[in-house]
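Have a look at the structure below, then the notes.
Number of protein chains: 2
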Amino acid sequence: MNPLPSTLPVTGRTRLRRKPARGVFDRDAVYRILDEAFLCHLAFVDDGQPYCIPTAYARIGDEVYVHGSAASRTARALGGAIELCLTVTLLDGLVLARSGFNHSMNYRSVMVLGRAREVTVGAEKLRALAAITDHIVPGRWDELRPTSEQELKSTAVLALPIVEASAKVRSGPPLDADEASWPVWAGVVPIVTSYATPVPAPEMAADAPPFDTTIFAGRRPRA
Amino acid sequence: MNPLPSTLPVTGRTRLRRKPARGVFDRDAVYRILDEAFLCHLAFVDDGQPYCIPTAYARIGDEVYVHGSAASRTARALGGAIELCLTVTLLDGLVLARSGFNHSMNYRSVMVLGRAREVTVGAEKLRALAAITDHIVPGRWDELRPTSEQELKSTAVLALPIVEASAKVRSGPPLDADEASWPVWAGVVPIVTSYATPVPAPEMAADAPPFDTTIFAGRRPRA
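The listed protein sequences correspond, in order, to chains U and D.
Residue numbers for the first sequence, in my numbering: 33 to 255.
Residue numbers for the second sequence, in my numbering: 33 to 255.
Quick look at the structure:
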């Protein structure tokens, strides 16, 4: 049973001032979006300057894990438990209306605000790294050469609790039926992402099995 | 002739501490990435908290334009000419190596740092809005019902000069040939984005032409 409330609190920082109907504070709905994507943009402030960097992530329970080089600017900044914003965006389509003003996009995005804690226990670090890998390529982790102590040491893992978060969702046709007499096509152009044929590395063990693309069944590379 | 140097300055804020070989400071290369994508993540700080929001954009010359509701948190925050970070990420593929540590992604990302100026002159605002629309759907702007004064007034347009910026690029196979004897498939799984069949709006003018998908020829919906 989830000890956290199933509805995320609406705070002054997550409340939508614009188009509040697009706001989603249902924890399950937020988690579904987090679980469909695997690339986030992580914003943090260093010396007064915001930075926004793309990075892989995975959710385990009520936390989002990210990783990076222990020597990176991000890890050094975030290791200090500073405020950050982790944003995930799934772009579903272009919304073409009769006016520029009513053009939009269909999307599902999630914003998680808060402070990350640095994961220092090896077992939890490994679990997070496995989760990130398997979140992107299901079942991959167990096939890999095990992680060395040195690799683990040089990798920083951060956990961001999903306490203050919200989703924003737009779907459906353009909302300008009242202007439908304007003689231009209107509607939605869906955007689809997919995996293309895998390209093998130049060197490969003779006994390496071919890449099993069925592991992606039903999944789309939603970054 | 471009009055700005063709090589972007490497500053303490754009210098890559990690994997400096991935850094790209060539202005044309940065512009190519900016011109291929159309969705960025914009990070700014409000009351000590960083926010990172997805938004459409377009480049005109040496500036990136973004727009939003004049009433939004972003516009209010950015209208104050605060520091921001505009990040664009094109995800090209998954890089599968023999170890978790060497897994990576192929991507091209751009980070533009600086302060935006609010565009207040109507003609420049319209030019920016047309650029954003046509950047996403080529040739769309001229077919649309013209923008009203009220719409223009309620839309905030910001221009971010491309002065302090850099790209980061990874491509190619995994870099662990020395571990190729490990019996697992390794290589790159390319990620492809495409447009699906357009879905017409429920209401449409009888004389509205069908959507011309050829306008996207050679383009991919790279958000």
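Glycine included, C-beta positions come from ideal geometry on N, C-alpha and C.
Closest Cβ-Cβ distance between residue 75(D) and chain U: below 7 Å?
-> For residue 75(D), the nearest beta carbon of chain U is closer than 7 Å to its own beta carbon.
Quick one: list the residues of chain D neighbouring residue 65(U), beta-carbon separation under 9 Å, in chain order.
-> The contact set of residue 65(U) on chain D, defined by CB atoms closer than 9 Å, is empty, because the minimum CB distance reaches about 12 Å.
Smallest Cα separation from residue 124(D): which of 39(D), 180(D) and 225(D)?
-> When each option's Cα is compared against that of residue 124(D), the closest is 225(D).
Of the residues 233(D), 202(D) and 117(D), the one placed nearest residue 77(U), counting alpha carbons only = If you compare the alpha carbons of 233(D), 202(D) and 117(D) with that of residue 77(U), the shortest gap goes to 117(D).
Cβ-Cβ distance between residue 153(D) and residue 66(D) below 7 Å = Residue 153(D) is not a Cβ neighbour of residue 66(D), given a cutoff of 7 Å.
Would you call the CB atoms of residue 223(D) and residue 171(D) closer than 7 Å?
-> If you check the CB distance, residue 223(D) and residue 171(D) do not come in under 7 Å.
Count the other CB atoms within 10 Å of the CB of residue 146(D); is the residue buried (16 or more) or exposed (fewer)?
-> Burial is judged here by how many other beta carbons sit within 10 angstroms of a residue's own beta carbon; residue 146(D) has at least 16 and is buried.
Would you list the one or two residues that DSSP bridges to residue 196(D)?
-> The bridge partners DSSP lists for residue 196(D) are 145(D).
Exposure of residue 140(D), with buried meaning 16 or more beta-carbon neighbours within 10 Å = Flag for residue 140(D) reads buried.
Less than 6 Å between the CB of residue 158(D) and some heavy atom of the ligand MG, yes or no?
-> Because no ligand of any kind appears in the structure shown, any question about the ligand MG cannot be addressed here.
Ordered along the chain, which non-local residues of its own chain (more than five positions away) have a Cβ less than 6 Å from that of residue 167(D)?
-> Excluding the 5 residues flanking it on each side, residue 167(D) has same chain C-beta neighbours closer than 6 Å at 70 and 90, in chain order.
Hey, residue 164(U) and residue 73(U) are a contact pair by Cβ (cut 8 Å); roughly how many whole angstroms apart?
-> About 16 Å separates the two Cβ atoms, so there is no contact after all.
With a 10 Å radius around its C-beta and 16 neighbouring C-beta atoms as the bar for buried, classify residue 39(D) as buried or exposed.
-> Under this definition residue 39(D) is an exposed residue.
Determine the chain D residues that contact residue 161(U) at a beta-carbon separation under 7 Å, and present them in chain order.
-> For residue 161(U), the chain D residues whose C-beta falls within less than 7 Å of its own C-beta are 132, listed in chain order.
Cross-strand partners of residue 219(U) (DSSP beta bridge) = Here residue 219(U) is bridged, per DSSP, to 128(U) and 232(D).
Contact list for the stretch 139-155 of chain D against chain U, Cβ threshold 9 Å | Under the 9 Å Cβ criterion, the stretch 139-155 of chain D contributes 139, 141, 143 and 145.
Would you verify that the beta carbon of residue 124(U) is, or is not, closer than 7 Å to some beta carbon of chain D?
-> Answer no: the Cβ-Cβ gap between residue 124(U) and chain D never drops below 7 Å.
Proximal chain D residues relative to residue 237(U), where beta-carbon distance stays under 8 Å = Under the 8 Å cutoff, chain D gives 212, 213, 214, 215 and 216.
Residue 148(U) versus residue 199(D) - alpha carbon distance = The straight-line gap separating the alpha-carbon atoms of residue 148(U) and residue 199(D) is approximately 26 Å.
Can a CB atom of chain U be found closer than 7 Å to the CB of residue 104(D)?
-> Put simply, the CB of residue 104(D) is near chain U, with a gap under 7 Å to one of its CB atoms.
Own chain partners of residue 43(U) with C-beta closer than 6 Å, once the 5 adjacent residues on each side are dropped = Only 196 meet the Cβ criterion.
What's the gap between the Cα of residue 202(U) and the Cα of residue 189(D)?
-> Per the coordinates, the alpha-carbon of residue 202(U) lies some 22 Å from the alpha-carbon of residue 189(D).
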